[in-house]
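Visitor: All residue numbers for the sequence shown refer to this note's numbering, where the first residue is 38 and numbers rise by one. A virtual CB, placed ideally from N, CA and C, is assigned to each residue, including glycine. In this text the structure is predicted, and so the values were computed from the model without any measurement.
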Amino acid sequence: MTNSSPSAEPEVLRYAAFTADPAGGNPAGVVLDARALDDARQQAIAAEVGYSETAFLCPAPDEPRTYTVRYFSPKAEVPFCGHATVAAAVALAGRIGPGEVLFETKAGPVPVSVTADRDGVLSATLTSVTPCVDPVEEADVVEALAALDWRREELDEALPPRIAYAGARHLVLAAATRERLARLEYDFERLTRLMLRLDLTTLQLVHRDSERVFHARDPFPVGGVVEDPATGAAAAAFGAYLRELFDLEDARLTLYQGQDLGRPSVLNVELRAGDPRVRVGGQAVPITAW
38 MTNSSPSAEP EVLRYAAFTA DPAGGNPAGV VLDARALDDA RQQAIAAEVG
88 YSETAFLCPA PDEPRTYTVR YFSPKAEVPF CGHATVAAAV ALAGRIGPGE
138 VLFETKAGPV PVSVTADRDG VLSATLTSVT PCVDPVEEAD VVEALAALDW
188 RREELDEALP PRIAYAGARH LVLAAATRER LARLEYDFER LTRLMLRLDL
238 TTLQLVHRDS ERVFHARDPF PVGGVVEDPA TGAAAAAFGA YLRELFDLED
288 ARLTLYQGQD LGRPSVLNVE LRAGDPRVRV GGQAVPITAW
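Next comes the structure, spelled out in C-alpha cells:
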C-alpha cells in the first residue's frame, strides 16, 4: 500500500481497462490508499493524470477486502465509473491477490470478482447497483441530436432513446448504421449544457451488430474528455436498457468500443434471471509508459 502520511506523495498507478494491450482499452488512474488525500487533492491528481477517471481507494477498517472508492474525472467527481473499477480491482489484486472485493461507491456497494487466466492476465467483473431505465423528453432528444449533428432518420427505431442508470445516468441513442456511429463530431459546449441539465455522465451511442453484439461510443464532455474508449458504467446501464426493452434474462452481451479512437476495448455484459443487477467484466493491464 502507499504511504498514508499527510506529507507523502501518493503512488498513482495507471492501468488500461477492458483490454490485454496497454495501448488499447480505457486508461484509468488508481490510488490504492487515498486516506491522506482531501477532495481538492484528489481532484488535482485526477486533473494531473488526465485520464477520463482516476479511482481513489480507502481500505475499510476491520473489513477485509472492502474499500471506499471515489472517482474523479479531470473536471469533477462522478458517482461511479466502470472502467476505473475494473482497473482498480485488478491493480488491487496485484497487491492482495485475486478474489472477491467490495467497493463502497457513492452510487452504492459494488462487488467485484478478480480472476487470472492461464497466462496470468487478470480480469475483473463488477456487479452494478440496481439499475433503472427512464423515458426521455422528445425535446431533449432533439437537442442531443442537434449537438451531435445527427438526423432523426439515422437512428435505429428498434432501440428507442432512453435514459439508463446503473450507478450513473446515460442517454442511450442507437445509430442505424455502423458508418453513422463512426462519424462522431459534436458541439462540445452544447452537449455539455444538455448533459449537465439532465445529470448525464455520458451519452451511450450504440450500433446493433446482432442481437447480442453491439458497438458503442461515449462522449464525455462533462468530464472534460471528448470521448471514453471504454465505459463500464454505460455498459451496465445499457444491459439494463436491453433487459427492459426485450425482456432479456440469462443473456451474455458483447460491446466493442474504442475502435474508432485506436484504443479497441471489449466489454462483457451479463444479465441473470432473478437478479436485476448487471455484471460487466473485462481484462486490465498496467500501463508502464505514458
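1) Assign L74 to one of three DSSP states: helix, strand, or coil.
2) Kindly indicate which residue of G299, V315 and R234 has the alpha-carbon position closest to the one of V306.
3) Opposite H207 in the DSSP bridges: which residues?
4) Smallest Cα separation from A121: which of L94, G131, G134 and R102?
5) Excluding the 5 residues flanking G131 on each side, which residues of the same chain have their C-beta closer than 6 Å to its C-beta?
6) Need the endpoints of the alpha helix (DSSP H) that V178 sits in, please.
7) Just reading off the alpha helix (DSSP H) that V123 is part of, what are its end residues?
8) Would you mind sorting D312 into buried or exposed? The rule is 16 or more other CB atoms within 10 Å of its CB.
9) With DSSP collapsed to three states, give me the class of G311.
10) Comparing alpha-carbon positions, which option in V179, E48 and N63 lies nearest V322?
11) Keeping to the same chain, check which residues put their C-beta closer than 6 Å to that of A203; ignore five residues upstream and five downstream.
12) How about V263 and T162: do their beta carbons lie closer than 8 Å?
13) Using alpha carbons as the reference points, say which of T214, D246, E248 and L182 lies closest to E222.
14) Report the option in Y293, A212 and K112 whose CA atom is closest to the CA atom of V303.
15) Quick check on this structure: which residue in F251, D99 and A271 has the alpha carbon closest to the alpha carbon of I200?
16) In whole angstroms, what separates the C-alpha of D154 from that of R234?
17) Tell me where the beta strand (DSSP E) around A65 begins and ends.
18) Which of helix, strand or coil does DSSP assign to T214?
19) Just checking my contact of T152 with P172 at CB under 8 Å: how many whole Å lie between their CB atoms?
Guide: Based on what the coordinates show:
1) L74: coil per DSSP, three-state reduction.
2) V315
3) Paired residue(s): A201 and T239.
4) The shortest CA-to-CA distance from A121 to any of L94, G131, G134 and R102 is the one to L94.
5) none
6) E175 to L185
7) G119 to I133
8) Only exposed fits D312, as fewer than 16 other CB atoms lie within 10 angstroms of its CB.
9) coil
10) N63
11) S165, P168, A273, A274, A277 and V315
12) no
13) L182
14) Y293
15) Ranked by Cα distance from I200, the options F251, D99 and A271 are led by A271.
16) 43 Å
17) In this chain, the beta strand (DSSP E) harbouring A65 covers N63 to V68.
18) coil
19) No, T152 and P172 are not in contact; Cβ-Cβ is about 38 Å, not under 8 Å.
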